[in-house]
Structure formats: C-alpha cells, structure tokens
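Have a look at the structure below before the remarks.
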Amino acid sequence: MSFSTIQFDHSAGVARITLNRPERLNALCPEMFPELQAALDRGQAEGMRALVITGAGRGFCAGADLTAPLVAGQEGREDIGLTLELYYNPLMERLRALPVPVIAAVNGVAAGAGASLALAADITVAAESASFVLAFARIGLIPDGGATQLIAERIGLARALGLSLLGEKVGAAEAAQWGLVWKCVPDAALKDTVDRMAQQLAQGPTVGLGLTKRAVYAAARHSLAEQLALERRLQSEAGRTDDFAEGVAAFLAKRPARFTGH
Ligand code: LHQ
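Sequential numbering from 82 applies to the sequence shown in the numbering used here.
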C-alpha cells in the first residue's frame with residue numbers, strides 16, 4: 082500500500098510513522114486508519130523493535146477531521162459510535178497490544194482523539210511548545226480513543242475531569258509536571274531525544290520489554306494475587322529468552338549486552 086496521509090520509514094529496528102496532513106494539523110481522516118494499520122503491518126513484518134509516532138508540521142494531531150464524513154449506521158443515520166468501532170478503537174487496541182514499545186513524539190498541539198493517540202503510546206515525549214486539549218467538550222462529545230481511561234490513569238480523577246469538562250489546553254511543561262507525559266523537552270531537542278530513546282529500546286531485550294508493557298497495563302485491572310500470578314507467568318517467558326542469558330553474561334563479564342530481541 083502506498084501512503085498519502087502518513088509517512089512510514091523503518092531503519093535499524095526503529096519504525097517511524099509521521100501523520101502527514103500538516104495543513105489540517107494532521108487531523109484523522111477515514112483514509113488514515115487503513116494506512117496506519119498497513120504501516121503497523123509493515124513494521125511488524127519487517128521486525129520493528131520500537132515504534133515512533135509523530136506529526137508533520139506544527140501540529141501533532143488535531144483529532145478527528147471534523148470535515149470528514151461519518152460512517153452511516155442503522156437506518157442510514159450517521160453514527161460516531163460506529164466510526165469509533167470501525168476506525169479508532171481497533172487502532173488504539175492494536176497500539177496497546179503491540180509487543181514493542183511505542184513512543185509518541187508530540188511536536189505540537191494534540192487535540193481530541195489526537196490527545197488520545199499521544200497518550201496511547203507507552204512513552205509520550207512532548208516538545209515545549211506542544212499542548213494537549215480535550216476538545217471533545219467544546220463540540221458536545223465525550224473523550225474517546227480511550228481518553229476517559231488513559232488520562233485518569235496517568236494524572237488522577239481531579240485533573241482528568243477538569244481537563245475533560247473544561248476543555249482547557251494544558252502546555253507540555255505542565256503536562257510533564259502532572260505526569261501526563263514522560264518528559265517535556267526543548268522543541269529543537271525533540272527529534273534527537275526521541276531518536277536516541279527509540280534506538281535504545283530497539284537495541285533492548287525486545288521480548289522482555291513487550292512483556293513488561295503487558296504486565297504494567299494489566300496491573301490496574303488485577304488484584305495483587307492476580308498480578309503476582311501474571312508476573313510469574315510472564316517472567317517464565319522472559320527467563321527463557323536469549324536476551325536474558327546475554328544480559329546476565331554481559332553483566333558478569335562487565336561488558337555491554339548485545340541483545341538480539343530473541
Ligand atoms: C481541522 C481540525 C480538525 C478539520 C484543525 N478537523 N480541520 C471521533 C470520531 C468521529 C467524529 C468526531 O470526533 C471523534 C473524536 C474527536 O477527535 S472530537 C475532537 C475533534 N477535534 C477538535 O475538535 C479540535 C479542532 N481543532 C481545534 O480546536 C484547533 O484547530 C486546535 C486547538 C487543535 C489548534 O488551533 P490553532 O493552532 O489555532 O490552529 P487552527 O484552528 O487555525 O487550525 C489550522 C487549520 O487546521 C485550520 O484550517 P484553515 O483552513 O483555517 O487553515 C483548521 O480548520 C484545521 N483544523 N483541526 N479537527
């Protein structure tokens with residue numbers, strides 16, 4: 082598939098998806114979703130070990146393209162719920178289930194479902210001039226793309242409800258103070274910071290990192306006993322990897338580990 086709304090490249094284990102509709106601040110249009118899924122297919126087929134998502138131009142993603150047609154549901158009536166079911170939800174679920182770390186490099190405003198996308202990443206790094214706005218309330222919608230869960234999990238109910246109901250913009254520095262994002266960096270440093278982080282992850286013990294992500298996300302919905310049982314099961318898997326043997330050998334030999342991702 083050739084891409085018209087995104088760009089995709091993959092080098093040395095790091096796949097990069099760039100949302101590429103800068104004239105609309107990379108708003109999500111219906112054509113973008115199959116392209117995003119195809120890019121993920123390609124990255125997985127090529128053995129990516131880390132994924133970066135970013136935006137072209139001055140925005141990260143302005144959420145749903147409000148000029149795009151909605152999917153028609155029962156009796157031919159437009160149904161935003163169906164649009165979510167067909168396009169948004171499968172993407173969010175796939176990012177969560179990807180067995181490699183996902184980094185969002187938030188280069189500018191992330192609004193509506195664009196904020197959800199930024200927060201669906203495992204690590205969100207924001208440029209100083211970036212901002213987050215849950216614009217849903219301004220147009221009579223509820224936060225979607227997982228935002229009703231993702232935001233409260235990161236920053237607690239008081240801030241999640243304030244942001245969701247008031248639709249106020251929060252800047253990257255404050256977002257980092259709150260724990261909404263991992264780090265806020267100067268604009269000029271965003272690309273290098275994220276590239277370095279992605280390279281580190283792509284050279285890491287990929288299976289263990291994928292299992293780590295799975296365990297951390299599962300925790301909120303488990304009792305301690307369930308979580309301990311999950312850790313036990315996933316640690317067995319991690320312990321059978323070549324990378325575990327290499328990590329221990331490298332530590333004992335006082336040399337850097339050379340992880341293969343297996
Ligand atoms: C846009 C958009 C946009 C189209 C900027 N669409 N053109 C899911 C499923 C289905 C349907 C509905 O919703 C959902 C979930 C959602 O995501 S709902 C939330 C949708 N997003 C928004 O409501 C955000 C709308 N955008 C804004 O509030 C502002 O553009 C922000 C705060 C993002 C940025 O403001 P500025 O930096 O002042 O830029 P701007 O407003 O001048 O935008 C630049 C251009 O991009 C402009 O076009 P123009 O031709 O005038 O230069 C905008 O119309 C266009 N644009 N967002 N979502």
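Think of the CB as a built atom: it goes at the ideal place given N, C-alpha and C, for glycine as much as any other residue.
query                                                                                               : result
Sub-8 Å separation of Ala-279 and Ala-131 beta-carbons                                              : yes
Alpha-carbon to alpha-carbon, Leu-215 and Glu-116                                                   : 25 Å
Where Gln-88 falls: helix, strand or coil (DSSP)                                                    : strand
Beta bridge counterpart(s) of Ile-184 as assigned by DSSP                                           : Val-133 and Ile-204
Cβ pair Ala-208, Val-187 closer than 8 Å                                                            : yes
Start-to-end residues for the alpha helix (DSSP H) that takes in Thr-293                            : 287-300
Alpha-carbon spacing of Ala-283 relative to Thr-135, whole angstroms                                : 17 Å
Per DSSP, the bridge partner or partners of Val-190                                                 : Gly-140 and Ser-212
Heavy atom of the ligand LHQ within 7 Å of Arg-158 beta-carbon                                      : no
Sequence-distant residues of its chain with Cβ nearer than 6 Å to Ala-253 (five each side left out) : Ala-207, Glu-209, Ala-211 and Cys-265
Supposed close pair Leu-315, Arg-295 - CB separation, criterion 8 Å                                 : 7 Å
Burial state of Met-82, where buried means 16 or more other Cβ atoms lie within 10 Å                : exposed
Alpha helix (DSSP H) segments (min. 4 residues) lying fully within the stretch 141-174              : 161-164
Per DSSP, cross-strand counterpart(s) of Arg-97                                                     : Asp-90 and Val-133
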